[in-house]
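Q: Chains A and B, in that order, are what the protein sequence lines are. The first sequence begins at 36 in my numbering and counts up by one. The second sequence begins at 36 in my numbering and counts up by one. Structure below; questions to follow.
There are 2 protein chains.
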Amino acid sequence: MEPALSLPDKLGGAPDGKRSLRVWLRLLTCASMVERRIAARFRDDFETTLPRFDFLSALDRAGPEGLPLGEVSRMLLVTNGAVTGLASGLKADGLIETLDSADRRVRRVRLTALGRDRFAAMARAHEGWIEALFADLADSEAEQLMILLDRTKRSLQRTTPEELAG
Amino acid sequence: MEPALSLPDKLGGAPDGKRSLRVWLRLLTCASMVERRIAARFRDDFETTLPRFDFLSALDRAGPEGLPLGEVSRMLLVTNGAVTGLASGLKADGLIETLDSADRRVRRVRLTALGRDRFAAMARAHEGWIEALFADLADSEAEQLMILLDRTKRSLQRTTPEELAG
DNA sequence: GGCAGATATTTTAGGTTTAAACTATCTCCC
DNA sequence: GGGAGATAGTTTAAACCTAAAATATCTGCC
Numbered sequence: 036m037e038p039a040l041s042l043p044d045k046l047g048g049a050p051d052g053k054r055s056l057r058v059w060l061r062l063l064t065c066a067s068m069v070e071r072r073i074a075a076r077f078r079d080d081f082e083t084t085l086p087r088f089d090f091l092s093a094l095d096r097a098g099p100e101g102l103p104l105g106e107v108s109r110m111l112l113v114t115n116g117a118v119t120g121l122a123s124g125l126k127a128d129g130l131i132e133t134l135d136s137a138d139r140r141v142r143r144v145r146l147t148a149l150g151r152d153r154f155a156a157m158a159r160a161h162e163g164w165i166e167a168l169f170a171d172l173a174d175s176e177a178e179q180l181m182i183l184l185d186r187t188k189r190s191l192q193r194t195t196p197e198e199l200a201g
Numbered sequence: 036m037e038p039a040l041s042l043p044d045k046l047g048g049a050p051d052g053k054r055s056l057r058v059w060l061r062l063l064t065c066a067s068m069v070e071r072r073i074a075a076r077f078r079d080d081f082e083t084t085l086p087r088f089d090f091l092s093a094l095d096r097a098g099p100e101g102l103p104l105g106e107v108s109r110m111l112l113v114t115n116g117a118v119t120g121l122a123s124g125l126k127a128d129g130l131i132e133t134l135d136s137a138d139r140r141v142r143r144v145r146l147t148a149l150g151r152d153r154f155a156a157m158a159r160a161h162e163g164w165i166e167a168l169f170a171d172l173a174d175s176e177a178e179q180l181m182i183l184l185d186r187t188k189r190s191l192q193r194t195t196p197e198e199l200a201g
């Protein structure tokens, strides 16, 4: 998938533009592979999807207080519209319920008892899949990878949309 | 987006199942953030999409021989059906053309002159965006990240679907 | 009190993805 | 030659995503 490197490396420490590009391509490949594998297992074993699982996961962490839909949207990195659709599906399946809140614009949702049970089973399986997929990474490598990804995330956040548009 | 770590770490070197999970969540967050930023720029600056760019990119690397659609599908990690749709859009825009091949099941495609020009402009911009997004990573960090992501990729490939199904 | 602008969500229109079923073509082997 | 099964691609139905417009509610200021 990667052509043989044909251009000789420049001498010295001049920033090599291609390096970031290569890191990004590898990052994307890894993320895509994991997503596909996990999505297939969720479909086969639980007849559900990854976005639905992510939604339930956010609510599970939030506890009985639940979360406003907008908060879920920010956590999942998807638009409000997507969250509206997911929420109505999960509610139809009885996995989440709506809470009243003082501000009537806000729709706060939380897991039902059924939702908690289903999520617990899915989360257990999910953790096992991820562990199997990353099994060849030593603890120290995983640690190091986590640190570098944190730095990457900070670099991404520091770069504003305006700066990028340049 | 990440709750404060509330459970004390277990003693010793017992493999911590949560570690893989945390690596995966960070990986996914980084990939999603980059994808969203880049997709927005492609839309605003070139009125195109990331999958279309990826398609053109594969053809650009392939040269005048072009590629069978199935090959593109494997390179982009998407299904044949998705590639069919992308190809018909790109052909309608005059960016790619179909080549005859001995095996008449195979549809081989390559860039047109227009496609090459458009791709060159997009690739230049794309490289700049990625460079800006990853700018805070030192060369040595990028290097290290690339190595770890390669190991990760190999770990993912080694884990067969059957193994995962458990 | 009431209106202007901010905020939360839903709706809409269009594009993407997938898996599975289907069509077309080729290859192998009798 | 002629079928059985493999292979390449297209179509279809359903889920998800986005951006932008629309709706509902709140907040602050006159």
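A virtual CB, placed ideally from N, CA and C, is assigned to each residue, including glycine. All figures in this text were calculated on a predicted structure; none of them were measured in a lab.
Under 7 Å between beta-carbons, which chain B residues line up against residue 185 of chain A? List them in chain order, please.
A: Against residue 185 of chain A, the close residues of chain B are 61, in the order they occur along the chain (beta-carbon pairs closer than 7 Å).
Q: Buried or exposed, going by whether 16 or more other CB atoms sit within 10 Å of the CB of residue 156 of chain B?
A: exposed
Q: Sort A:141, A:150, A:187 and A:183 by Cα distance to residue 128 of chain A and report the nearest one.
A: A:150
Q: Restricting to Cα atoms, I'd like to know which of B:72, B:188 and B:146 is closest to residue 286 of chain B.
A: Absent from the structure is residue 286 of chain B, since the part of chain B shown begins at 36 and ends at 201.
Q: So residue 56 of chain B and residue 162 of chain A are supposed to be a Cβ contact under 8 Å. How far apart are they, rounded?
A: 6 Å
Q: Closest Cβ-Cβ distance between residue 126 of chain A and chain B: below 8 Å?
A: no
Q: Ordered along the chain, which non-local residues of its own chain (more than five positions away) have a Cβ less than 7 Å from that of residue 42 of chain A?
A: Any reading at residue 42 of chain A needs caution, since the residue's pLDDT is 32, under 50, leaving its predicted position unreliable; the model's value is listed next. There are no such residues.
Q: Buried or exposed: residue 76 of chain B, going by 16 or more other Cβ atoms within 10 Å of its Cβ?
A: Buried, by the Cβ-count rule.
Q: As an exercise, report each continuous beta strand (DSSP E) stretch of at least 3 residues that is fully enclosed by the stretch 87-146 of chain B, in chain order.
A: Taking only runs of at least 3 residues, the beta strand (DSSP E) segments lying wholly in the stretch 87-146 of chain B are 131-134 and 143-146.
Q: Would residue 123 of chain B be called buried (16 or more neighbouring beta carbons within 10 Å of its own) or exposed?
A: exposed
Q: Looking at chain A, which residues of the stretch 154-177 of chain B have a Cβ within less than 7 Å of any of its Cβ atoms?
A: 162, 164, 165, 166, 167, 168, 169, 170, 171, 172, 174, 176 and 177
Q: Grouping DSSP H, G and I as helix and E and B as strand, with all else coil, what is residue 62 of chain B?
A: helix
Q: Straight-line CA distance for residue 200 of chain A to residue 138 of chain B?
A: 45 Å
Q: Locate the alpha helix (DSSP H) running through residue 82 of chain B, then write down its first and last residues.
A: Here residue 82 of chain B belongs to no alpha helix (DSSP H), and DSSP marks it neither H nor E.
Q: Sorted by chain position, which residues of the same chain lie with C-beta nearer than 6 Å to residue 136 of chain A's C-beta, five sequence neighbours on each side aside?
A: 143
Q: Hey, could you find the ends of the alpha helix (DSSP H) residue 199 of chain A is sitting in?
A: 196-200
Q: Below 8 Å on the Cβ atoms is my contact criterion, and I expect residue 185 of chain A with residue 146 of chain A to pass it. Report the Cβ-Cβ distance as a whole number of Å.
A: About 29 Å separates the two Cβ atoms, so there is no contact after all.
Q: Check whether the Cβ of residue 198 of chain A lies closer than 8 Å to any Cβ atom in chain B.
A: Interface residue, yes.
Q: What's the call for residue 175 of chain B, buried or exposed, on a 16-neighbour Cβ count within 10 Å?
A: Burial call: exposed.
Q: If you follow the alpha helix (DSSP H) that residue 172 of chain B is in, where does it begin and where does it stop?
A: Run containing residue 172 of chain B: none; DSSP gives neither H nor E here.
Q: Excluding the five sequence neighbours on either side, which residues of its own chain have a C-beta within less than 7 Å of the C-beta of residue 89 of chain A, listed in chain order?
A: 111
Q: Using C-beta distances below 6 Å, list every residue in its chain close to residue 132 of chain A, excluding the 5 sequence neighbours before and after it, in chain order.
A: 147
Q: Using a Cβ-Cβ distance under 8 Å, would residue 90 of chain A count as near chain B?
A: So, not an interface residue.
Q: Check each candidate in B:62, B:168 and B:92 and name the one with the smallest Cα separation from residue 54 of chain A.
A: Residue B:168 is the option with its Cα nearest to residue 54 of chain A.
Q: Is the separation between the beta-carbon of residue 188 of chain A and that of residue 61 of chain B shorter than 8 Å?
A: yes
Q: Nearest chain B C-beta to residue 57 of chain A closer than 8 Å, yes or no?
A: Against chain B, the CB of residue 57 of chain A has a partner CB under 8 Å away; the residue lies at that interface.
Q: So which residues of chain B does residue 191 of chain A contact, with C-beta pairs closer than 7 Å?
A: 65, 68, 69 and 168
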